[in-house]
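Protein sequences, first through last, are from chains A and B. Here the working numbering is used: the first residue of the first sequence is 1, the next is one more, and so on. Here the working numbering is used: the first residue of the second sequence is 1001, the next is one more, and so on. Heads up, the beta-carbon is just placed ideally off N, CA and C, and yes, glycines get one too. All values derive from a computational prediction rather than experimental measurement. Notes to accompany the following structure.
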Amino acid sequence: MLSRVAEATYWASRYIERAENTARLVRVNYHLLLDSPKGVSPGWQPLIQILGLETQFNKQFKAANERNVVRCLIGDLNNPNSIVSCLKSARENYRTIREIVPRSGWEKLNELFLFAKENAQSGITQRGRDDFLEGIISGSELINGLLSANMYRDEAWHFTRIGRNLERADMTTRIIDVRSVDMLEADDAYESRTIESVEWISILKSLSSYYNYRREVQVRVSKTPVLEFLFQDQQLPRSVLHCLFLVGQSVSQLANNEQPLNTLEQLQNRISRQNFEKLDQEKLHRFIDAIQLGIIGFHSSLQKQYFLPS
Amino acid sequence: MSIDLSDYDPGPFFDETLAGKNRARGYCKKLVNQFRKMDDEELAARQASADIAIKEMGITFTVYSEEEGNIDRNWPFDICPRIIPLSEWEKIEQGLKQRVQALNMFINDLYNEQKIIKDKVFPKEVLAESKNFRKQCIGIKPVRGVWAHICGSDLVRDTDGVMYVLEDNLRVPSGVSYMLENRQVTKRVFPELFESYSPLPVDDYPTLLHDMLASISPSRKKRPEVVVLTPGIFNSAYFEHAYLAHQMGAELVEGRDLFVDKDDCVYMRTVKGPQRVDAIYRRIDDEFIDPEAFRKDSTLGVPGLMRAWKKGNVGLANAPGSGVADDKVVYAFVPDIIRYYLDEEPGIPNVPTYRCMYEDERKYVIANIDKLVIKPANESGGYGMLIGPRASKEERDTFVKLIKRNPRNYIAQPTLGISTVPTVVGTKLEPRHVDLRPFILSGKQVSVTTGGLTRVALRKGSLVVNSSQGGGSKDTWIVQDKGN
């Protein structure tokens, strides 16, 4: 398989996953906001930080208020990571690999892109938001399902799977980060325990993991068990470790995989070893940063081994 | 109400389907009868189902728009096929083979001995002014002396019923994928016609193309690595590049996928490491294929490709420099070129062309400028042309001055009344002008597509068949006419 084609396959799949998870991120923040009592509001600024969009955002917008942040994350074509931009990039990558991916996958992606473009405006409003975000999430899930059901298990499939799961691992850490950044600013209010619980439930729900947690973990929803569940659980589809496990499965099917596999293993070990009891918000935030850097490092090793030299 | 052709009037033009008022040509009778059995609604419904098929099959061409960037448009297609009887086609086919063979000998001669110039059949001044002569190619002798492996020649039929060659495209001719897809669409929307006719099949083209490309590979491998080199998704013919690669089972590569190593061989970058490439069907213009040899600012090409090709380490189709024979002044010499190399008379005539560089021809042009089309040699796309019958006195006088100042830069041709074919317009059939582009492959053997791509000017009275300017296309049928 051509390096360029491998890279396009990988990025198409990362971009679709990024669009979906950005939708999840906006949704969790929005719901947190609805649940929070006045004064402990998580605000919208953290989202910009979490996605590393400060420079981009500040160039265009004055205030990090709800409207501006949501606009930037949903439909802004100047933001390369907005939902519409991600789907556009996914589509551009797909265009070069149309003969490799199932036709139905291309058609659904086209539909999803058009849906996003046409409805971005209503997604900015509070009333239209849930429908818009739900449309993006279920559209991405549909594409994933189509590809899983129909793709031949060759290199194209493995790069699709690597891209999707790496992005998912990365975005799971960012969605958890919403919570850690927020708490940096909150003080120990009387209600904080309840609020904390509500907030973690919200995060679990946004990762479609709440009922799994209820069934598997069964203890009260609180920081440590939730973090263990979302980072280390072996069976949870969106847990960081599980995603990386799937990445590893696919990498081991590729030729010349020694370097990427080593990098991946180090990252997995770092996560398995972590004790979450001891992490205060500040340290959690730094841990998340370290994992994100690890993911970037793994991407670089893939880039070096398999993709076109830039 | 059934389809009625009694109002159908092609005017002074030759109609490919009807020989006279409401009278089908012998080999078109069954087609016309089929239409007579339909009513208005059915005709429109068939056309609509063809449009849907094209959308579903994803047959597109790319146009650039300021607002949306590059967009894929559905390929415009008309359901009424254009029929050519086999007896006529066999002669055209022979004529095309002869023409391409002579053109290849001519190109090979120009880059080597230049005998045709020494023998004063082809003036060296014309070569000196040729934009597409590549001095980087001097002294190169590609396998079997073939330069233009894929040629697309445009044919038109004038009011006299004679088929003429209008031009030869020897650089990167496109359209063959649409010829193949048009047949698929017709089979879907007009299956019953295939019961009464058996048009000769067209779908062996990808196999022939692959065989030809394999035949120019310098390696003796059983399965040489053949690739299609595209400028990328923004190119208007990207659909065709992807289509042909897919049909041949070849990799579709961009310049950045390839590199030339220290051993002067070409490799493609794959996830398993570098992989040797043996033959390249390049769909990038000469000037852009190798920044070391041609335009340094090209990012589409492969640095060192010319080096690898000169060393005989890779086959290139078409060979760089083939475009020298695809030039309006050279065109005027093609009949002489055929006679010179093959000692035969041309099988298909050129459109009569007056070369202003010769005094007697120039005098004729100036005296008859109101009847002629004047074309500058080094322009394409219709720029700098004068259409005599439609020009004002001032415009004509300006051109007379231009011709006198630089006679070598101008040729003149009579205006042509190109033929028509019934075409669906709403719920009726109306005459629309067509041309025909067959494709000729030259490798070990020379082969011609069965028919070719018929392009049709969909606007009433228009002669512009280009898809970016309101042109469409038709399936082209070669049918047995003996016994009909």
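Reference residue i; option with closest CA among the options
i                : options                               : result
S1468 of chain B : B:K1091, B:D1278 and B:R1455          : B:R1455
Q126 of chain A  : A:R67, A:Q218, A:Y306 and A:K117      : A:R67
D1495 of chain B : B:A1377, B:V1162, B:F1294 and B:E1192 : This structure cannot speak to residue 1495 of chain B, because chain B is shown only from 1001 to 1484.
D1475 of chain B : B:G1461, B:P1199 and B:V1425          : B:P1199
A12 of chain A   : A:A290, A:L241, A:L109 and A:Y30      : A:L109
K1375 of chain B : B:N1406, B:G1347, B:E1056 and B:S1392 : B:N1406
S1219 of chain B : B:W1309, B:Y1341 and B:Y1354          : B:W1309
R286 of chain A  : A:M1, A:Q259 and A:T173               : A:T173
S1447 of chain B : B:R1134, B:C1151, B:N1235 and B:E1394 : B:C1151
S1196 of chain B : B:N1033, B:S1392, B:S1087 and B:P1352 : B:N1033
Y1354 of chain B : B:Q1413, B:R1339 and B:D1343          : B:Q1413
S197 of chain A  : A:V226, A:M171 and A:R215             : A:V226
Q305 of chain A  : B:N1318, B:T1270, B:L1127 and B:I1337 : B:T1270
R238 of chain A  : A:S3, A:Q45, A:L2 and A:E20           : A:E20
S1419 of chain B : B:S1462, B:P1389 and B:Q1445          : B:S1462
C86 of chain A   : A:N150, A:I136 and A:Q218             : A:I136
S1174 of chain B : B:G1255, B:R1099, B:F1133 and B:D1154 : B:D1154
H1210 of chain B : B:S1236, B:P1201, B:N1182 and B:Q1247 : B:Q1247
Boundaries of the alpha helix (DSSP H) in which residue i is found, first to last residue
i                : result
K1363 of chain B : E1359 to A1367
L304 of chain A  : Residue 304 of chain A is actually Lys in this sequence, not Leu. K304 of chain A -> alpha helix (DSSP H) spans Q281 to Y306.
W11 of chain A   : S3 to D35
F1194 of chain B : L1193 to S1196
P225 of chain A  : K223 to Q232
A90 of chain A   : I83 to R95
F115 of chain A  : R103 to I124
R50 of chain A   : The displayed chain sequence assigns Ile, not Arg, to residue 50 of chain A. From DSSP, the alpha helix (DSSP H) with I50 of chain A extends over Q45 to I50.
P1206 of chain B : Y1205 to S1215
E1093 of chain B : L1086 to Y1111
Y1178 of chain B : V1176 to V1189
R67 of chain A   : E66 to I74
R1459 of chain B : That residue, R1459 of chain B, is in no alpha helix (DSSP H); it is neither H nor E in DSSP.
D1040 of chain B : D1040 to M1057
Sequence-distant residues of the same chain with beta carbon closer than 8 Å to residue i, five excluded per side
i              : result
S82 of chain A : T22, C72, L73, I74, G75 and D76
V26 of chain A : L47, V70, L73, I74, R129 and L133
Contacting residues, own chain, Cβ-Cβ under 6 Å from residue i (five flanking each side not counted)
i                : result
D1109 of chain B : K1115 and I1116
E185 of chain A  : Low confidence applies here, because E185 of chain A scores a pLDDT of 47, under 50, leaving its location unreliable and the question unanswered by this model.
P1303 of chain B : P1291 and E1292
K1311 of chain B : D1264
M183 of chain A  : No answer about M183 of chain A holds up, because its pLDDT of 48 lies below 50 and its placement is not dependable.
L1386 of chain B : I1374 and F1399
E1093 of chain B : V1448
I97 of chain A   : V5, A8 and T9
V1146 of chain B : N1104 and S1442
Limits of the unbroken beta strand (DSSP E) element including residue i
i                : result
N1169 of chain B : M1163 to N1169
F1259 of chain B : L1258 to V1260
M1268 of chain B : V1266 to T1270
F1439 of chain B : F1439 to S1442
V1373 of chain B : L1372 to P1376
R1390 of chain B : First-last for R1390 of chain B: undefined, no H or E at that position.
I1289 of chain B : Per DSSP, I1289 of chain B belongs to no beta strand (DSSP E); it is in the alpha helix (DSSP H), D1286 to I1289.
L1018 of chain B : L1018 to G1020
I1117 of chain B : Counting along the chain, I1117 of chain B falls outside any beta strand (DSSP E), though it belongs to the alpha helix (DSSP H) covering K1115 to K1118.
Cutoff 7 Å; reference residue i; Cβ partners in own chain excluding five residues on either side
i                : result
T224 of chain A  : F276 and E277
C1080 of chain B : V1421, P1422, T1423, V1424, L1429 and K1474
V1277 of chain B : E1225, V1227, L1258, V1266, Y1267, M1268 and V1314
E1125 of chain B : R1408
S122 of chain A  : G128 and F132
E228 of chain A  : F276
beta-carbon residue i near the ligand SAM non-hydrogen atom, thresh 7 Å
i                : result
T1230 of chain B : This structure does not include the ligand SAM; it has no bound ligands of any sort.
(request) Quick one: which residues of the stretch 1207–1240 of chain B get their C-beta closer than 7 Å to a C-beta of chain A? List them in chain order. (result) I1233
(request) Compile a chain-ordered list of the residues in the stretch 1247–1262 of chain B whose CB is closer than 8 Å to at least one CB of chain A. (result) E1251, L1252, V1253, E1254, R1256 and D1257
(request) Please list the residues of the stretch 1–34 of chain A that have a C-beta atom closer than 8 Å to any C-beta atom in chain B, keeping them in chain order. (result) M1, L2, S3, R4 and A6
(message) Runs of 4 residues minimum, wholly inside the stretch 198–269 of chain A: which ones carry the alpha helix (DSSP H) assignment?
(response) 210–216, 223–232 and 240–251
(request) Jot down the residue ranges of each uninterrupted beta strand (DSSP E) in the stretch 1299–1336 of chain B, minimum 3 residues, whole runs only, in chain order. (result) 1315–1317
(request) Could you tell me which uninterrupted alpha helix (DSSP H) segments, each at least 4 residues in length, are contained entirely in the stretch 1218–1261 of chain B, listed from first to last along the chain? (result) 1238–1248
(request) Could you please tell me which residues of the stretch 72–90 of chain A, in chain order, have their CB closer than 8 Å to any CB of chain B? (result) none
(request) Compile a chain-ordered list of the residues in the stretch 141–168 of chain A whose CB is closer than 9 Å to at least one CB of chain B. (result) E155 and F159
(request) Select from the stretch 240–260 of chain A all residues with a C-beta closer than 8 Å to any C-beta belonging to chain B, and list them in chain order. (result) L254, A255 and N256
(request) With 9 Å as the limit, tell me which residues of the stretch 1457–1482 of chain B have their beta carbon closer than that to any beta carbon of chain A; keep them in chain order. (result) none
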